[in-house]
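One structure below.
2 protein chains.
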Amino acid sequence: MGADADQELSSIDRIRDAAIDLFGEHGFRATSLRSIADAAGVSQALIIHHYGTKQGLRTACDQHVTDQVRSRKKETVGGAAGGGHFSVVQQLQDAPRLLRYLTRAMTEGGEHTAALIDDMLEDALEYMEAGERAGMILPSRFPRDRAAVLLLWSLGALTLHEQVSRLLDVDLLAGDDAPESLGRYFRPALELYSQGLITEQTGEGLLAALPDDPDSARPTHDEEH
Amino acid sequence: MGADADQELSSIDRIRDAAIDLFGEHGFRATSLRSIADAAGVSQALIIHHYGTKQGLRTACDQHVTDQVRSRKKETVGGAAGGGHFSVVQQLQDAPRLLRYLTRAMTEGGEHTAALIDDMLEDALEYMEAGERAGMILPSRFPRDRAAVLLLWSLGALTLHEQVSRLLDVDLLAGDDAPESLGRYFRPALELYSQGLITEQTGEGLLAALPDDPDSARPTHDEEH
DNA sequence: TCGCTGACTGAACACTCAGTCAGCCTAGGG
DNA sequence: CCCTAGGCTGACTGAGTGTTCAGTCAGCGA
Chain A
365 MGADADQELS SIDRIRDAAI DLFGEHGFRA TSLRSIADAA GVSQALIIHH
415 YGTKQGLRTA CDQHVTDQVR SRKKETVGGA AGGGHFSVVQ QLQDAPRLLR
465 YLTRAMTEGG EHTAALIDDM LEDALEYMEA GERAGMILPS RFPRDRAAVL
515 LLWSLGALTL HEQVSRLLDV DLLAGDDAPE SLGRYFRPAL ELYSQGLITE
565 QTGEGLLAAL PDDPDSARPT HDEEH
Chain B
365 MGADADQELS SIDRIRDAAI DLFGEHGFRA TSLRSIADAA GVSQALIIHH
415 YGTKQGLRTA CDQHVTDQVR SRKKETVGGA AGGGHFSVVQ QLQDAPRLLR
465 YLTRAMTEGG EHTAALIDDM LEDALEYMEA GERAGMILPS RFPRDRAAVL
515 LLWSLGALTL HEQVSRLLDV DLLAGDDAPE SLGRYFRPAL ELYSQGLITE
565 QTGEGLLAAL PDDPDSARPT HDEEH
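For the record, the sequence lines run as chains A and B.
For the first sequence, my numbering assigns the number 365 to the initial residue and increments by one for each residue that follows.
For the second sequence, my numbering assigns the number 365 to the initial residue and increments by one for each residue that follows.
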């Protein structure tokens, strides 16, 4: 599939798309220009002709993926805001190739991914503030850091999709083929998000054990007199 | 530092340790046998002489790291069980090189890491059952899947330690140098674990929206008539 | 028809890689 | 003193890499 669409695209775009697929699947270093050229149906010299160097091609891929993600975000903004940070995942569920590339770029040090993650954090924060006003999300003493932790957990699970698949039989990168089989991941996650994991007093005890707590008074003793 | 200890080790072990460091830092493909040989103070040919192939060296590294993790687990078993799955992280906090290698192996497909993760899941499950009996951890409808999700979140945050450092200024791989500065990660995490993220009714609503829920009836509507 | 441009190519280049091999050096036994 | 064995090495090989380059070809304006 997609062969017709490939024919309609220019060589430049076909090269970029093939590179995104192969970089995302095998990684940057493990992907040779020859394999990209073969997948795109061009000579490897043409890649250099258009993108200068392999790094230049990678930069173009980074840029294109981040642009795609940002544009897709606009489409779904204001949509199902209930999921909080889930929205970041859901809005990309139909683009497994983009997700593959992103997770790869996060561990291999992509160029524009840092800025993109910052974007995602801002979005997650906005979603959660909206959910908080709607009475769906509980307030936090560390709203920004909480959103960051939630975002990192989601993205981390995505990068470990292979292990997720092994332990839970859930393919987070499957796309819209089987969205109903994500339950074994989302059900325990939802349970954790709704009822929590530990009792409140246990949490307070562990929180007090952490050094230099910023504002809360320590129940056992106080340093200022 | 460590030069004396390196001298005491045999060439075989020095090669393996250098490989673990470099594989963990730069990845398997990006690390050449030459750089490993330089770091270990031996010739490149000696690596092949001892380990046969580069893949053989990698397998030996996998084996050694998993052995180390397993042995360290025994040391700290029955220790501070309060943290639930945190124990997996805490017991390795003084071994950043092992963690680096592990996170790398998880994304690059290490050989023995799958079995090791299975081990970790079993441990996490045991810890959480103990915590549940002690009244610190809440019961779950999906105990095993919940433990898997928590484990994957922790390991995922570890693999994204670069982004964790950027967003929260917390170095999860720092080791015992600065354990007190992990607060910006653990405080929101503890808050989430104790109070949760969303209200119970919101959670029930989202849970009911998931298809083929195994046992609970759907409160809003039913498709079968 | 001519000259020009730009997409495009095959062959070659310089380089790095993992792996091979003949032989070095030294310790230990005779 | 020689001899041998084995840990160990420098030099080498073939394969694979990104990049360069001379040159082909189709299209276009004059």
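All C-beta atoms in this analysis are idealised placements derived from N, C-alpha and C, irrespective of residue type, glycine included.
Computed from a predicted model, the values in this text were never measured in an experiment.
DSSP has residue i in a bridge; who is on the other side?
i, result
"I562 (chain B)", "A:I501"
For residue i, which three-state DSSP category applies?
i, result
"S399 (chain A)", "helix"
"L524 (chain A)", "coil"
"V406 (chain B)", "coil"
"L307 (chain A)", "Residue 307 (chain A) lies beyond the stretch modelled for chain A, which goes from 365 to 589, so this question has no answer here."
"F387 (chain B)", "helix"
"G569 (chain B)", "helix"
"G420 (chain B)", "helix"
"H476 (chain B)", "coil"
"G442 (chain A)", "Annotation note: pLDDT 38 at G442 (chain A) (below 50); position unreliable, coordinate value reported separately. If DSSP states are grouped into helix, strand and coil, G442 (chain A) belongs with coil."
"D381 (chain A)", "helix"
"A590 (chain B)", "No answer is possible for residue 590 (chain B): the residues shown for chain B start at 365 and end at 589."
"A538 (chain B)", "coil"
"D482 (chain B)", "helix"
"L373 (chain B)", "coil"
"L574 (chain B)", "coil"
"F550 (chain B)", "helix"
"D533 (chain A)", "coil"
Sorted by chain position, which residues of the same chain lie with C-beta nearer than 7 Å to residue i's C-beta, five sequence neighbours on each side aside?
i, result
"L537 (chain B)", "P460, L463, R464 and H525"
"V534 (chain B)", "V528, S545, L546, R548 and Y549"
"Q408 (chain B)", "L397, R398 and A401"
"K418 (chain A)", "L397"
"R508 (chain B)", "L489"
If you drop the 5 nearest sequence neighbours on each side, which residues of the same chain put their C-beta closer than 6 Å to that of residue i?
i, result
"E475 (chain A)", "T423 and D426"
"R510 (chain A)", "S504"
Determine the direct distance from the alpha carbon of residue j to that of residue i, and round the result to whole angstroms.
i, j, result
"H413 (chain A)", "A403 (chain B)", "38 Å"
"L531 (chain A)", "D482 (chain B)", "8 Å"
"I411 (chain B)", "A394 (chain B)", "17 Å"
"A553 (chain A)", "L480 (chain A)", "24 Å"
"A512 (chain A)", "A572 (chain A)", "22 Å"
"L574 (chain A)", "A382 (chain B)", "35 Å"
"L373 (chain A)", "I379 (chain A)", "10 Å"
"I384 (chain A)", "G495 (chain B)", "45 Å"
"M484 (chain A)", "L515 (chain A)", "8 Å"
"G420 (chain A)", "E472 (chain B)", "24 Å"
"R497 (chain B)", "E564 (chain B)", "23 Å"
"E493 (chain A)", "W517 (chain A)", "19 Å"
"H428 (chain A)", "I562 (chain B)", "35 Å"
"F506 (chain A)", "F506 (chain B)", "29 Å"
"G416 (chain A)", "R551 (chain B)", "47 Å"
Quick one: residues in its chain with C-beta nearer than 8 Å to the C-beta of residue i, no 5 flanking neighbours on either side, listed in chain order?
i, result
"T477 (chain B)", "D426, T430, L466, A469 and M470"
"V406 (chain B)", "S375, R378 and I379"
Any heavy atom of the ligand FAD within a distance shorter than 8 Å of the CB on residue i?
i, result
"L537 (chain B)", "Ligands are entirely absent from the displayed structure, and the ligand FAD is therefore not among its contents."
Does the count of Cβ pairs from the region 510-522 of chain B and the region 494-502 of chain A closer than 8 Å reach three?
Cβ pair count under 8 Å is below three, so no.
Would you call the region 384-391 of chain B in contact with the region 462-482 of chain B, where contact means no fewer than 3 C-beta pairs closer than 8 Å?
The region 384-391 of chain B makes contact with the region 462-482 of chain B: 3 or more CB pairs, one atom from each, lie closer than 8 Å.
If we count Cβ pairs, one from each stretch, closer than 8 Å, do we get three or more for the region 396-413 of chain A versus the region 425-434 of chain A?
No: fewer than three Cβ pairs fall under 8 Å.
Is the region 481-495 of chain A in contact with the region 485-494 of chain B, if contact means three or more CB pairs nearer than 8 Å?
No contact exists between the region 481-495 of chain A and the region 485-494 of chain B.
I want to know whether the region 556-570 of chain B touches the region 558-569 of chain A - three or more CB-CB distances under 8 Å.
The region 556-570 of chain B vs the region 558-569 of chain A: in contact.
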